[in-house]
Amino acid sequence: SALADLNHAIGLRPQIPKLLRDRARLLRRNRDFAGYARDIAALKQIDPIDSVGKGDVAWAAQGLEYEGDLQGKSGRPADAVAMLERAIALDPDRLDAYLRLDSALVRNGELTKIPPIWTRYLARHPNDARAHLERAGAWHHLGRESQALDDAATACRLGEATGCAIARRGGR
122 SALADLNHAI
132 GLRPQIPKLL
142 RDRARLLRRN
152 RDFAGYARDI
162 AALKQIDPID
172 SVGKGDVAWA
182 AQGLEYEGDL
192 QGKSGRPADA
202 VAMLERAIAL
212 DPDRLDAYLR
222 LDSALVRNGE
232 LTKIPPIWTR
242 YLARHPNDAR
252 AHLERAGAWH
262 HLGRESQALD
272 DAATACRLGE
282 ATGCAIARRG
292 GR
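Each residue of the sequence shown is one higher than the one before, starting from 122 at the first, in this note's numbering.
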């Protein structure tokens, strides 16, 4: 098969971008999003200018998000978290990936891991009101009300009405 031939060729010459690119396209057509994302990540390192476009990265990240959702629905929450973390590593600016990871961590009972993922996102997008509101909720569920109210107040200043309501209730 074409995939077996490409796998063999890549095994012999793993640093040739055209081979990785061809396999990535085939994997995407076969809806093997994890494999597609692996190859796009490799291409990003080997030849980021000529081999990988923003569309490729976004498509691969969305595919990993989809795979993460499937893992979660199949009762494998740790695998879901791993897929979503890979999606974020590939495309760290997609808010939706962080929202999905937040939900997967809640389902997995890993609440203490949630504020750091929002902190990581906010380091890149400090004016994202939704992200501040999400982190406020994470702080609240951990019993860290002062931090929750600070983030709610920031979300309010950035235009998030729910953040304003929460901040008012907390006296901010």
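Quick reminder that beta carbons are idealized off the backbone N, C-alpha and C, glycines included.
For residue i, which residues of its own chain have a beta-carbon under 8 Å away from its beta-carbon, when the five flanking residues on both sides are left out?
i	result
Leu147	Ala123, Leu124 and Leu127
Gln136	Ile167
Asp272	His253, Leu254, Arg256, Ala257, Trp260 and Gly284
Can you give the Cα-Cα distance for residue i and residue j, rounded to whole angstroms?
i	j	result
Ala130	Gly156	16 Å
Tyr242	Asp143	32 Å
Ser283	Gly264	Here residue 283 turns out to be Thr, not Ser, going by the sequence shown. Roughly 19 Å between the two C-alpha positions.
Ala208	Ala274	30 Å
Lys165	Ala179	12 Å
Asp214	His253	15 Å
Pro198	Ala163	26 Å
Gly132	Pro138	13 Å
Leaving out five residues on either side along the sequence, give the residues of the same chain with a beta carbon under 7 Å from the beta carbon of residue i.
i	result
His262	Leu232
Gly189	Ala201, Met204, Leu205, Ala208, Arg221 and Ala225
Leu279	Asn248, Ala250 and His253
Ile245	In the sequence on display, residue 245 carries Arg and not Ile. If we look at Arg245 and ignore the five residues flanking it on each side, its Cβ neighbours are Pro213 and Asp214.
Lys234	Leu226
Closest to residue i by CA distance: which of the options is it?
i	options	result
Glu206	Lys194, Gly176 and Pro237	Pro237
Val227	Gly258, Asp249 and Thr240	Gly258
Gln192	Ala210, Leu164, Ala225 and Leu220	Ala225
Arg159	Arg251, Gly280 and Ala145	Ala145
Gly196	Gly176, Ser267 and Asn229	Asn229
Arg256	Pro138, Trp239 and Pro247	Trp239
Trp260	Asp223, Gln183 and Ala163	Asp223
Gly174	Asp272, Leu279, Phe154 and Leu211	Leu211
Gln183	Ile235, Gly132 and Arg152	Arg152
Tyr187	Phe154, Ile235 and Arg245	Phe154
Determine the contact status of residue i and residue j, defining contact as a CB-CB distance below 8 Å.
i	j	result
Leu185	Met204	yes
Ala286	Leu270	no
Ala218	Ala250	no
Arg149	Leu140	no
Ala181	Ile167	no
Glu266	Gly292	no
Which residues in the same chain have their Cβ closer than 6 Å to the Cβ of residue i, if we skip the five residues on either side of it in sequence?
i	result
Asp200	Gln192
Gly176	none
- [ ] Please go through the region 163 to 199 and give each complete alpha helix (DSSP H) segment of 4 or more residues, from N-terminal end onward.
- [x] 175 to 194
TODO: Let me know the alpha helix (DSSP H) ranges lying completely inside the region 130 to 157, each 4 residues or longer, listed in chain order.
DONE: 138 to 150
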